[in-house]
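Everything on this sheet refers to the single structure shown next.
Residue numbers (this note's numbering): 130 to 522.
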């Protein structure tokens, strides 16, 4: 080739090289190992059917709020959307959006609570809208022996409104932080209150049983104190929600040095109890309810789920797998349609400088314990949660 020929054809050589690079990038992106963003956040299928991930959403958050975002699984295609705000801010936005939606639909009823902020907690049922609004004894007030909660009820069909207040006795030198949960069962409103103790710098929970027909507070019980008295003081107690059926029951984990116990508080009978657990009790990381079953998830040695019948409060079965998880505080769980989705962030000791680690996503059949899917996340920022859709944050 003459010297001038190279100069003549070099644009073609560059074009071919550029096309090769583009094809390589496209292949990596659409293959099973997908690069989700410029920070090299990666996901790949290790084994199983990835159609089980349809409509699944992973929320990724770093401590510095530099790589917050959403990994969405849509028909096998993964997308990563940057979100510059923290998930707590997004939760607040969704709360405001929900309140605004209620205000738009029930404008006259909601107007008094328009500026309620964190003090006002809404509950929408098939038949009614309920608002619980803290008016006295809130978090910024100290030395409270009681708190006042205003209740407002709107019947959707008749648009009839009911307004009344209840006074709640608070234990010790405390203040009411917020209304944590609201459930309506048989015209009884069950509210779980988060109460802050200024002397011990600890939070406890009070369960209210409010008769909406008679407009009276039927019972008010400091659940954690009641359970702690029977368990002892060397334990850590955490609330895991309220199951409204068959009887309203609040579920707790009581963690001691090497064991966990499951406690329940029956709101109808106004009594606390412990579930009889099979075998040696290990450390339980999470309680989940699905239909009439309570699932106690343990990740101490291997992934295991103990299943309890909520109706008769008895042990049902254990589900064991060969999955080994690390650092349970970086693990999240979700049950949907008979499947348990498990998201775990591996140890990041070698990557503390840039605050990233690797993660695994498992899909487990809650009836058989079979692992239906296994995926791997690489270079993911610390702080993972697993959700379905925007409304499940």
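Every residue gets a Cβ at the ideal spot worked out from N, C-alpha and C, and that includes glycine.
Item: Assigned secondary structure, residue 341 (DSSP; H/G/I helix, E/B strand, else coil); Value: coil
Item: Residue burial classification, residue 415 (beta-carbon count within 10 angstroms, cutoff 16); Value: buried
Item: Residues near residue 426 in its chain [Cβ-Cβ closer than 6 Å; skip 5 each side]; Value: 414, 415, 434, 462
Item: Given 8 Å, three or more beta-carbon pairs between the segment 382–393 and the segment 326–338; Value: no
Item: Residue range of the unbroken beta strand (DSSP E) whose run includes residue 472; Value: 468–474
Item: Pair within 8 Å by beta-carbon distance, residue 495 and residue 472; Value: no
Item: Exposure of residue 394, with buried meaning 16 or more beta-carbon neighbours within 10 Å; Value: buried
Item: Counterpart residues of residue 432 in DSSP-defined beta bridges; Value: Its beta-bridge partners do not exist; DSSP assigns none.
Item: Span separating the alpha-carbon of residue 397 from that of residue 447; Value: 29 Å
Item: Bounding residues of the beta strand (DSSP E) (the contiguous stretch that carries residue 265); Value: 257–265
Item: Residues bridged to residue 394 [DSSP beta-bridge criterion]; Value: 379, 401
Item: Exposure of residue 365, with buried meaning 16 or more beta-carbon neighbours within 10 Å; Value: exposed
Item: Spatial distance of residue 230 from residue 258 (CA atoms); Value: 12 Å
Item: Residue 431 classed as buried or exposed, judged by whether at least 16 other C-beta atoms fall within 10 angstroms; Value: exposed
Item: Cut-off 6 Å between Cβ atoms - residues of its own chain near residue 503, not counting five sequence neighbours on either side; Value: 175, 176, 177, 491
Item: Residue 325 vs residue 332 beta-carbon contact at 8 Å; Value: yes
Item: Burial state of residue 379, where buried means 16 or more other Cβ atoms lie within 10 Å; Value: buried
Item: Buried or exposed (CB count within 10 angstroms, at least 16 for buried), residue 312; Value: buried
Item: Three-state secondary structure (DSSP) of residue 186; Value: strand
Item: Residue burial classification, residue 481 (beta-carbon count within 10 angstroms, cutoff 16); Value: Annotation note: pLDDT 48 at residue 481 (below 50); position unreliable, coordinate value reported separately. That one is exposed.
Item: Residue 181: first and last residue of the uninterrupted beta strand (DSSP E) it sits in; Value: Looking at the DSSP string, residue 181 is not in any beta strand (DSSP E), and its letter there is neither H nor E.
Item: Check whether residue 299 and residue 320 have beta carbons under 8 Å apart; Value: no
Item: Nearest-angstrom Cα separation, counted from residue 250 out to residue 283; Value: 14 Å
Item: Heavy atom of the ligand NAP within 7 Å of residue 331 beta-carbon; Value: Among the ligands in the structure shown, none appear at all, so the ligand NAP cannot be discussed.
Item: Residue 505 versus residue 498: straight-line alpha-carbon distance, rounded; Value: 20 Å
Item: Alpha-carbon spacing of residue 478 relative to residue 296, whole angstroms; Value: Note on residue 478: pLDDT 48, under 50, position unreliable in the model; no value is reported.
Item: Cβ-based burial, residue 206 [other Cβ within 10 Å; buried from 16]; Value: exposed
Item: C-alpha distance - residue 294 paired with residue 474, whole-angstrom precision; Value: 46 Å
Item: Collapsed DSSP secondary structure at residue 505 in the structure displayed; Value: strand
Item: Proximity of residue 439 and residue 466 at Cβ, strictly below 8 Å; Value: no
Item: Continuous beta strand (DSSP E) stretch holding residue 198: start and end; Value: 198–203
Item: Own chain partners of residue 281 with C-beta closer than 6 Å, once the 5 adjacent residues on each side are dropped; Value: 260, 292
Item: Whether residue 356 touches residue 401 by CB criterion (8 Å); Value: yes
Item: Bridge-paired residues (DSSP) for residue 281; Value: 260, 292
Item: Cα-Cα separation, residue 508 to residue 489; Value: 12 Å
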